[in-house]
Amino acid sequence: MRLSAVLLFCAASLTLAGGVSVRSLLFSSESASNFVTVQPQKPLDLSAFTLCLRLATELKMEQREIILFAYRTKYYDELNLWRELDGSVSCLQWPLPFQVLCDITQACPDYSLMFLIKKSVSRGRKRHNVRSGGQIIIGQDPDEYLGGFDANQSFVGEISDINLWSNVLPDTVIKAMADNGNTVQTGDVIDWSVANLEVTGQVNVVNRDM
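Read in order, the letters of the sequence shown correspond to residues -17 to -1, 1 to 193 in mature numbering (1 follows the signal peptide of the UniProt record, and there is no 0).
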C-alpha cells in the first residue's frame, strides 16, 4: 500500500461566476500575531489525503516565502504547505518532490494559476503519517504549539474554501472541481462550510460569492 497526497491549489483571483457564498479570511498585513485556528470535523490521523484551497496574495514570488497551511502537534510540524521564492509549492514533511499533473488555467480564466499536484511514497519507502492531536493554523508557521510565529513567514492576502479529505479523491471529482471552479464535495476532515474558526488578531472573515 502506498502513501499519497493530492493538492488542488488555486492562486490569484477569488472571484468566480455563481451564487455560492463561501467564507474567506483576509490577512491585510504582515504580522506575528494574526492567525486563525480551524476545528476539523474529525482528527487528522491520515495516511493519505486530499487538500483543496483557494488563495490570493499580492506578495511577489521573489519577495519571501509564504505559509499557506500549517498543522502542528505539540512537538512536531505534521503538515505545512509553503509557497517558495520561485513560486513552487512545498511540503517539508512529505520529502518527495511534488509532481505537477496539469495546468488548467484556461478552464477557469479568473485565476492566474490553477494546477493539480500529486505525490506518493511507494512500497519500501519510509512512511509519514499525519498524526492527530494538533492544531490547524492559517496565517502563521508555528515553531511551537500555537506560538513561535515569524512575521516574515506570515500569510498576507485572502484564503478560502479549505477542504481536507482522508483519502485521495478520484480523478473525476478533482477534474470536476477544476472545471467548475468550485468545490464539488466538501471534506470529511475539514468541511469549510461548517468548520469552526477562531480568529486571533486582525483577521477579517467575510463571505464571498463563488
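Ideal placement from N, C-alpha and C gives every residue a C-beta, glycine not left out.
Exercise for review: Could you check the C-alpha separation between T155 and N146 for me, to the nearest Å?
Suggested key: Taking the sequence shown and counting its residues from 1, the one referred to as residue 155 is at position 172. Taking the sequence shown and counting its residues from 1, the one referred to as residue 146 is at position 163. Each residue's alpha carbon lies about 17 Å from the other.
Review point. Beta-carbon of D126 versus every beta-carbon of chain D: anything under 9 Å?
Key: In the structure shown, chain D cannot be found, because there is only a single protein chain.
Review point. Taking Cβ positions, are A53 and Q168 nearer each other than 9 Å?
Key: Locating residue 53 in the sequence shown gives position 70, counting from the first residue. Locating residue 168 in the sequence shown gives position 185, counting from the first residue. Not closer than 9 Å, so no.
Exercise for review: Check T56 in the structure and name its three-state DSSP category.
Suggested key: In the sequence shown, counting from the first residue as 1, residue 56 sits at position 73. Coil at T56, not helix or strand.
Exercise for review: Identify every residue that forms a DSSP beta bridge with W175.
Suggested key: Taking the sequence shown and counting its residues from 1, one reaches residue 175 at position 192. The partner list for W175 (beta bridge, DSSP) is empty, contrary to what the question assumes.
Check your understanding: Going by beta carbon distance, what residues of the same chain come within less than 8 Å of N17, once the five residues before and after it are set aside?
Key -> As a working mapping, residue 17 is identified with position 34 in the sequence shown. So the list reads F10, G122, Q123, S137, T183, G184, Q185 and V186, once near-sequence residues are dropped.
Check your understanding: Ordered along the chain, which non-local residues of its own chain (more than five positions away) have a Cβ less than 7 Å from that of D174?
Key -> Start at 1 with the first residue of the sequence shown, and residue 174 comes out as number 191. The residues are Q24 and N146.
Review point. What residues match up with N17 in a beta bridge as DSSP calls it?
Key: As a working note, residue 17 is residue 34 in the sequence shown. The partner list for N17 (beta bridge, DSSP) is empty, contrary to what the question assumes.
Review point. Near V5, which residues of its chain fall below 6 Å by C-beta distance, leaving aside the five closest residues on each side in sequence?
Key: Along the sequence shown, one-based indexing puts residue 5 at 22. For V5, where only same-chain residues beyond five positions count, the Cβ hits under 6 Å are S143, D144, R191 and M193.
Practice item. Find the nearest neighbour of D133 within the set T40, I50, A39 and L42, judged by alpha-carbon distance. Key: Here residue 133 refers to the residue found at position 150 when the sequence shown is read from its first residue. Measuring from the Cα of D133, the nearest candidate turns out to be I50.
**Study point:** V172 vs L36 beta-carbon contact at 9 Å
**Key:** Start at 1 with the first residue of the sequence shown, and residue 172 comes out as number 189. Start at 1 with the first residue of the sequence shown, and residue 36 comes out as number 53. In this structure, L36 does not lie closer than 9 Å to V172 by Cβ.
Practice item. Alpha carbon to alpha carbon, how far is Q46 from A15? Give it in angstroms, no decimals. Key: Here residue 15 refers to the residue found at position 32 of the sequence shown. Here residue 46 refers to the residue found at position 63 of the sequence shown. Taking the straight line joining both Cα atoms gives about 17 Å.
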